[in-house]
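Going line by line, the protein sequences match chains A and B. Using the working numbering, the letters of the first sequence map in sequence onto residues 641 to 975. Using the working numbering, the letters of the second sequence map in sequence onto residues 641 to 975. For reference, the structure is listed below as structure tokens.
Number of protein chains: 2
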Amino acid sequence: MNHRKGKQTIEFENPPVIISSAAIAGQKEAQGPLRDSFDCCLSDDSCGEPSWERSEAAIFHQAVMYALKKAGQQPEDVHYILGGDLINQCVSAHYALRNIGIPFFGLYGACSTMTESLSLASMLVGGGYAEKAACATSSHFCSSEKQFRNPLEYGGQRTPSAQWTVTGAGCCILAGDGAGPRVTQVTTGKIIDKGITDISNMGAAMAPAAIDTLKVHFNDTGARPEDYDLILTGDLGVIGSDILVELMKGEGYDIAELHNDCGKMIFDIEAQDVHAGGSGCGCCASVLCGHILKEMNKGVYDRILVMATGALMNTMTIQQGESIPAIAHAVVIER
Amino acid sequence: MNHRKGKQTIEFENPPVIISSAAIAGQKEAQGPLRDSFDCCLSDDSCGEPSWERSEAAIFHQAVMYALKKAGQQPEDVHYILGGDLINQCVSAHYALRNIGIPFFGLYGACSTMTESLSLASMLVGGGYAEKAACATSSHFCSSEKQFRNPLEYGGQRTPSAQWTVTGAGCCILAGDGAGPRVTQVTTGKIIDKGITDISNMGAAMAPAAIDTLKVHFNDTGARPEDYDLILTGDLGVIGSDILVELMKGEGYDIAELHNDCGKMIFDIEAQDVHAGGSGCGCCASVLCGHILKEMNKGVYDRILVMATGALMNTMTIQQGESIPAIAHAVVIER
């Protein structure tokens, strides 16, 4: 058990390397501040496909193919691909990968899927079970609105706390050796439900899970916030981020200057009228696999903690009066 | 890479041990031939809960608690729990586990989830990342019918090729050492889509994935069918099983005498009027974690291959005219 550190954390003896990553972004995302970091910006969010589900599968597939190409790898060089998405029964991933020929582990972690896949893939590579493994996830504004809220044509109003599902996908390739940032630690979250029932306020529902995982991480590793150049959450957005920073301060950890959130970074919140910020599996995926890993490779960050958070309800459980369980998985990436 | 054997198979140097397992079954399942193998048979499929989704979460939770108790373990002794279910966004697992406090990796593999979770958990335990890990999944006839087909009150007719979703759940606990059967090999499936579009014939949609994984397993390991006492599929049912046996014969592997299917075993097919047999994540879970592992512990089987299969569409993709992608994950269990 020499990999284990504390209750919920793994520290790798041979940290897997992120040898490549790729990010695809939609039209609105391409108008945001991170536009130059994406490998491909859609000029048409439909990708020319006849349904939004097919469009999402197309960007999922594209992200994987770009990441493989950038790594100089063929699909047969990759032992596993791990990932999923938000659409019922994770069909974006399944239709995207049905011809690719890579052994597949399907995951569902809602918007935490990017770091869930990084956590598991790191253990598969670190444990010598795979030479290379791919992690991928996606979300699409139009397929998500249709499934979780209203058809776009309905033109429903959004509350100020609502977040905007990112149209985007990201994929990274992990390997046992090579050049690139390394995944050095993994802290796996528990399901936390603090009784939030407002599905237009996902940030508030997910923040308690983020707080739980971050506290456990600091306890398990003995690290302090200042040991990181960046503490990046997946898509807490403006409201969830404020809750995280405020409540972590109450726990004795001041992360205010070190924290950012992919949902706050991907859009110009005011100018692009996205209310509380971006969300969706593709939010963390496209920001991490695009902007953040590029910045790490440039030397802007040496050591970061990335923690994607997921809200684990469905539309029916909310109609049945249930509250929203949530989860957060953290990975430490070092240059 | 000394764990790898061939293209898609892992062979464990220190095979993880299944130290306990538990199975919960519904009322109809408790009238079938395996009634004596379940740890708990429901006298009321609702479990006294106000919704079928809550009922399914209840049996998921029960399976985990029974397995922990039989292993003499508390939740805090288990480093990870891996699992999921068929309900949109895997809410049965999420609501079942929201108070349990075990770090959670959510999986979606449709009816392949039981062996997907066994595969990943075996690598986490085998790799030294967890001392103990739990694998769990569930399905419920009433929550599945409602979501995938029609509300029960509708009284829709079923085609002869239709399968009956099992009300059941199963959980097993893996450990680095201890007494019990061991997971010695894992062969991970690719997503295979042979163009089947009939959602009332899941067996036919999933059989090609089962054939692909089984062929790869034999190629990777050099094993022959006769090296196993039992080749057990998850829920191909009567039609899918016939396709598997027939097409494997064409590939040079005669598995007719060695093959059985959880969907055929759990019901008395004719007397219980279940058409092509049982299905659902809970089918393989309850048959494996109940009957099969008990038989292994008794010495009936020494070496078995278990391969759960999953159909990876959703109801909407079928309405959109898509075919059904499928996957099959195999694990070898030895006494």
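We put the CB at the ideal spot given by N, CA and C, even for glycine.
{"Asked": "Reference S801 of chain A; option with closest CA among A:D882, A:M956, A:G922, A:Q713", "Found": "A:D882"}
{"Asked": "Enclosing beta strand (DSSP E) for I944 of chain A [first to last residue]", "Found": "943 to 951"}
{"Asked": "Whether D875 of chain A touches C751 of chain A by CB criterion (7 Å)", "Found": "yes"}
{"Asked": "Assigned exposure category for L872 of chain B - 16 Cβ within 10 Å defines buried", "Found": "buried"}
{"Asked": "Residues bridged to E974 of chain B [DSSP beta-bridge criterion]", "Found": "B:R822, B:R943"}
{"Asked": "Rounded separation between A662 of chain B and V806 of chain A - CA only", "Found": "41 Å"}
{"Asked": "Sub-7 Å separation of C902 of chain B and C929 of chain B beta-carbons", "Found": "no"}
{"Asked": "Inter-residue Cα distance where the pair is C811 of chain A and L726 of chain A", "Found": "16 Å"}
{"Asked": "In chain order, each beta strand (DSSP E) run of at least 3 residues that lies wholly inside the segment 732 to 780 of chain A", "Found": "744 to 746, 772 to 779"}
{"Asked": "Chain A contact residues for D833 of chain B, given Cβ-Cβ distances below 7 Å", "Found": "R738"}
{"Asked": "Straight-line Cα distance separating G950 of chain B from M846 of chain B", "Found": "6 Å"}
{"Asked": "Endpoints, the alpha helix (DSSP H) within which T861 of chain B is located", "Found": "842 to 861"}
{"Asked": "Beta-carbon proximity check, A966 of chain B vs I851 of chain B, cutoff 7 Å", "Found": "no"}
{"Asked": "Candidates B:E669, B:Y868, B:T955, of which the one nearest S919 of chain B by Cα", "Found": "B:E669"}
{"Asked": "Bridge partners - I871 of chain B, DSSP secondary structure assignment", "Found": "B:H899, B:L945"}
{"Asked": "Below-7 Å beta-carbon distance, N954 of chain B vs any chain A residue", "Found": "yes"}
{"Asked": "Neighbourhood of I879 of chain B by C-beta, 7 Å cutoff - its chain only, sequence neighbours within 5 removed", "Found": "S801, N841, G843, A844, A916"}
{"Asked": "Where the alpha helix (DSSP H) containing G646 of chain A begins and where it ends", "Found": "Per DSSP, G646 of chain A belongs to no alpha helix (DSSP H) and is neither H nor E."}
{"Asked": "Amino acids of chain B, ordered along the chain, whose beta-carbon sits closer than 9 Å to that of E693 of chain A", "Found": "N954, M956, T957, Q960, E962"}
{"Asked": "Simplified DSSP state of A916 of chain A, which is helix, strand or coil", "Found": "coil"}
{"Asked": "Proximity winner among A:A776, A:D913, A:G816, relative to T799 of chain A (alpha-carbon distances)", "Found": "A:D913"}
{"Asked": "Listed by chain order, chain B residues near L967 of chain A by CB distance under 7 Å", "Found": "Here residue 967 of chain A turns out to be Ile, not Leu, going by the sequence shown. Simply F744."}
{"Asked": "Any C-beta of chain A under 7 Å from that of Q830 of chain B", "Found": "According to the sequence as given, residue 830 of chain B is Lys; it is not Gln. Closer than 7 Å: yes."}
{"Asked": "Cutoff 7 Å: N790 of chain A Cβ touching any chain B Cβ", "Found": "no"}
{"Asked": "Closer than 7 Å to chain B by CB, L872 of chain A", "Found": "no"}
{"Asked": "Option nearest L747 of chain A by Cα separation, candidates A:H931, A:C921, A:N790, A:G766", "Found": "A:C921"}
{"Asked": "Neighbour flag for Q648 of chain A against chain B, beta carbons, 7 Å", "Found": "yes"}
{"Asked": "Residues in the segment 696 to 722 of chain B having any Cβ partner in chain A nearer than 7 Å", "Found": "Y720"}
{"Asked": "Under 7 Å between C-beta atoms of P743 of chain A and T828 of chain B", "Found": "yes"}
{"Asked": "Under the three-state DSSP convention, the category I659 of chain A falls into", "Found": "strand"}
{"Asked": "Beta bridge counterpart(s) of E651 of chain B as assigned by DSSP", "Found": "B:Q825"}
{"Asked": "Close-in-space but distant-in-sequence residues of the same chain around P656 of chain B (CB under 7 Å, 5 per side omitted)", "Found": "S762, V765, G766, L814, A815, G816, R822, V823"}
{"Asked": "Chain A residues whose Cβ lies nearer than 8 Å to that of H643 of chain B", "Found": "G767, G768, Y769"}
{"Asked": "Euclidean distance between Cα positions of C730 of chain B and G724 of chain B", "Found": "6 Å"}
{"Asked": "Contact the segment 771 to 789 of chain B vs the segment 893 to 901 of chain B: 3+ CB pairs below 8 Å", "Found": "no"}
{"Asked": "Residues bridged to H931 of chain B [DSSP beta-bridge criterion]", "Found": "None; H931 of chain B has no bridge partner."}
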